[in-house]
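Comments concern the structure below.
Number of protein chains: 2
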Amino acid sequence: MIQYNEFFREKFLFNTIPKNQIKYISQLKQKKNRTEEKKFLVEGEKNVIALYHNTRYIIETLIIHPSFLAKHKKIIQSLSIKKIWLGDAVVLSRLGHLTTNYQIIAVVKMPIVEKLIIPKNSCTLVLDNIQDPGNLGTILRTACWYGIQTVICSKNTVELYNPKVIQASMGAIAQLSVHYVHLSNFFTQHNTLPILGACPQGTPLTTIDLPDSFFLVIGNESHGIHPEHIPYIHQKIAIPKYGIGNSLNAGIATAVICHHWRIKQTPLI
Amino acid sequence: MIQYNEFFREKFLFNTIPKNQIKYISQLKQKKNRTEEKKFLVEGEKNVIALYHNTRYIIETLIIHPSFLAKHKKIIQSLSIKKIWLGDAVVLSRLGHLTTNYQIIAVVKMPIVEKLIIPKNSCTLVLDNIQDPGNLGTILRTACWYGIQTVICSKNTVELYNPKVIQASMGAIAQLSVHYVHLSNFFTQHNTLPILGACPQGTPLTTIDLPDSFFLVIGNESHGIHPEHIPYIHQKIAIPKYGIGNSLNAGIATAVICHHWRIKQTPLI
């Protein structure tokens, strides 16, 4: 059994969270404060560990549940930061958004945005006004799974550092290069690769030969791809429907197209 | 322009919502009250219209935004119910869960659960302890798209009538036959069809020949298929990974497997 008090006396200055820290962390729930402070909150074991392993992300503060400490003592010991406190479920649930499985909350510095590189021989995702943070997080997690490296977001897409995006991404933000751009300008500057757009009225995915390298545009949950961006789309693609429905969830559409692209490269038996 | 006052005087008794109705609707946000009253709340244009067109669902009360009335006057006129009130964004946002696009909230009677029929020549979804209501809703919407008719849920899967499930399902609950069962008993009674389970350690989906008719088991978001149910699985299947990640979102996994099953029936070009 870990002797918490001894461990904390040895390594850290405090083992109760100062009130001003609770206040500081709480205000990072709001976008304007995150933007001003250039810091964001990360919750949950997998997410925090994914960011810990990426040198671009600097963890500044940690509130950890005793169960996290018991499981990941080495990680905690390896950190040179002073702001680590033990927190119970009450504190963690108050500071975070999760409703179960409280383990850890981290305050992380936003990294400098990397240089935009469009990878060759890959699909690059382009998100046009994705509004639901859970959807954006799921899309990033899916993009990572299918080996996508770069994700372009329209300026009106939900903020990358929204805690619900981070949560749903399950660590994917540590793996991806995500850029917020003015989409019309972006399309004008990057028109050498095919631009494919997911549209219910498009050509069925199963009847076209997906290129190895392309932009895949996924539109807003209610309104699809913005009419201003439609002229830039070289090919509209649709996911074949075998039942009933008007559309699929944006994350689902992304996954099905990515899967289809990958199995086309490595055909079915 | 519609003359709201005239329209309401002619057809309905009230045009302001009585306080006791607001109270009644609000308490249906809680599961125990929904279960007691055998009623649930439906929000949003598409969801309410989908249920309106299905005779199994009886709409009891409607709070509508003037914009919904303007767009769907015929639907409102066709209803024989007395409890219809106009509501502004303040009332609709207070009674519902949506954060934008307030149009309509309906109180709907829970239908009697249909006889459980396992369709031949189809995939039947089996959900083992899906906890996130958004995930369950998205899975139902996806199931509908891929022509699945029956969905089996373990007793500990999130409630079908949770407003977030209804919202994310985008009307799919009106199309599907959903049953909550004791899963071990169910598997014992229905072992004549192949039972396939989505597992990260399974055989890659791309290397197996999916049957035309099978059960597809999707496990809990954090813990996968419950160890008690693993012995009933005839074949574990995995979604090939081309990048990085430990797992995919439960809805994403469902969609990719369903897509793969359908394109296997209608092969790729």
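Same order as they appear, the protein sequences are chains A and B.
Position 193 of the first sequence, counted from 1, bears residue number 193 in our numbering, the numbering being contiguous throughout.
Position 257 of the second sequence, counted from 1, bears residue number 526 in our numbering, the numbering being contiguous throughout.
Just so it is clear, CB atoms sit at the ideal spot from N, CA and C, and this is done for glycine as well.
If you drop the 5 nearest sequence neighbours on each side, which residues of the same chain put their C-beta closer than 8 Å to that of residue i?
i, result
"B:L537", "Residue placement at B:L537 is flagged as unreliable, the pLDDT there being 48, under the threshold of 50; the coordinate-derived value follows with that caveat. Excluding sequence neighbours, B:L537 sits near nothing in its chain."
"B:K308", "L297, E329, V376, V377, K378, M379"
"B:Q534", "D481"
"A:P200", "G224, A238, N246, S247"
"A:N129", "S154, N156, T157, G219, N220, H223, H226"
"B:K562", "Residue 562 of chain B is absent from the structure shown; chain B starts at 270 and stops at 538."
"B:I477", "Q504, I506"
"A:T192", "none"
"A:I75", "I49, Y52"
Counting C-beta neighbours from all protein chains within 10 Å, is the total for residue i 16 or more, i.e. buried, or is it exposed?
i, result
"B:P432", "buried"
"B:E497", "exposed"
"A:N249", "buried"
"A:D132", "buried"
"A:S247", "buried"
"B:E312", "buried"
"A:V113", "exposed"
"A:T254", "buried"
"A:N47", "buried"
"A:S307", "As displayed, chain A neither begins before 1 nor continues past 269, which places residue 307 of chain A out of reach and without an answer."
Pull up the distance between the alpha-carbon of residue i and that of residue j, whole angstroms please.
i, j, result
"B:G512", "B:E305", "48 Å"
"B:P463", "B:G471", "15 Å"
"A:Q149", "B:N454", "45 Å"
"B:I435", "B:L364", "15 Å"
"A:H179", "A:T142", "17 Å"
"A:K120", "B:V359", "50 Å"
"B:I332", "A:Q103", "41 Å"
"A:V256", "B:K288", "47 Å"
"A:S80", "A:D88", "23 Å"
"B:H552", "B:G466", "Chain B is shown from 270 up to 538; residue 552 of chain B falls before or after that span and cannot be answered."
"B:C355", "B:R303", "Strictly speaking, residue 355 of chain B in this sequence is Leu, with Cys absent from that position. About 23 Å."
"A:S78", "A:Y52", "10 Å"
"A:Q189", "A:K115", "15 Å"
"B:T285", "B:L361", "13 Å"
"B:M439", "A:K236", "23 Å"
"A:H259", "A:Y146", "7 Å"
"A:T273", "B:P473", "Within the shown structure, residues of chain A are numbered from 1 to 269, placing residue 273 of chain A beyond reach of any answer."
"A:H65", "B:I521", "30 Å"
"A:S122", "B:V486", "32 Å"
"A:I49", "B:A319", "43 Å"
"B:L367", "B:K300", "18 Å"
"B:L310", "B:L409", "17 Å"
"B:H451", "B:Y293", "32 Å"
Here's a check: name, in chain order, each residue in its chain whose Cβ is nearer than 7 Å to the Cβ of residue i, leaving out the five neighbours to either side.
i, result
"A:L13", "Because A:L13 carries a pLDDT of 44, less than 50, the predicted location of this residue cannot be relied on, and the following value inherits that uncertainty. Within the same chain, A:L13 has close Cβ partners K82."
"B:I271", "Residue placement at B:I271 cannot be trusted, given a pLDDT of 47 that sits under 50; what the coordinates show is reported in the next sentence. The residues are L338, A339, K342."
"B:S491", "none"
"A:E45", "F68, Q103, I104"
"A:C144", "A172, Q175, L176"
"A:Q206", "Correcting the residue type first, residue 206 of chain A is Thr in the shown sequence and not Gln. Taken in chain order, the residues that qualify are P240."
Spatial neighbours of residue i within its chain, please: CB distance less than 6 Å, with the 5 preceding and 5 following residues excluded, ordered by chain position.
i, result
"A:C153", "L127, Y180"
"B:P479", "The sequence given here places Leu at residue 479 of chain B; Pro does not occur at that position. Once the five neighbours on either side are set aside, the close Cβ partners of B:L479 are W530, K533."
"A:I58", "K109"
"B:T393", "I387, T419, F484"
"B:I291", "none"
"B:A437", "G403, G406, T407"
"A:F187", "Y232"
What are the partner residues of residue i, as DSSP defines its beta bridges?
i, result
"B:P496", "Paired residue(s): none; B:P496 is not in a bridge."
"B:W354", "B:I332"
"B:T393", "B:F484"
"A:H179", "A:I152"
"A:F187", "In DSSP, A:F187 forms no bridge with anything."
"A:L270", "There is no way to answer for residue 270 of chain A, as the model of chain A reaches only from 1 to 269."
"B:Q234", "This structure does not reach residue 234 of chain B, given that chain B is present from 270 up to 538, and the question cannot be answered."
"A:A198", "A:I237"
"B:T304", "DSSP lists no partner for B:T304."
"A:I117", "Paired residue(s): none; A:I117 is not in a bridge."
Hey, would you say the C-beta of residue i is under 7 Å away from at least one heavy atom of the ligand ADP?
i, result
"A:V256", "Questions concerning the ligand ADP fall outside what the structure shown contains, since it holds no ligand whatsoever."
Subject >> Three CB pairs or more closer than 8 Å across the region 154 to 163 of chain A and the region 118 to 137 of chain A >> reply: Pairwise C-beta distances place the region 154 to 163 of chain A in contact with the region 118 to 137 of chain A, as three or more of them are shorter than 8 Å.
Original post:
If you pair each beta-carbon of the region 170 to 177 of chain A with each one of the region 217 to 231 of chain A, do three or more pairs fall below 8 Å?
Top reply: No, the region 170 to 177 of chain A is not in contact with the region 217 to 231 of chain A.
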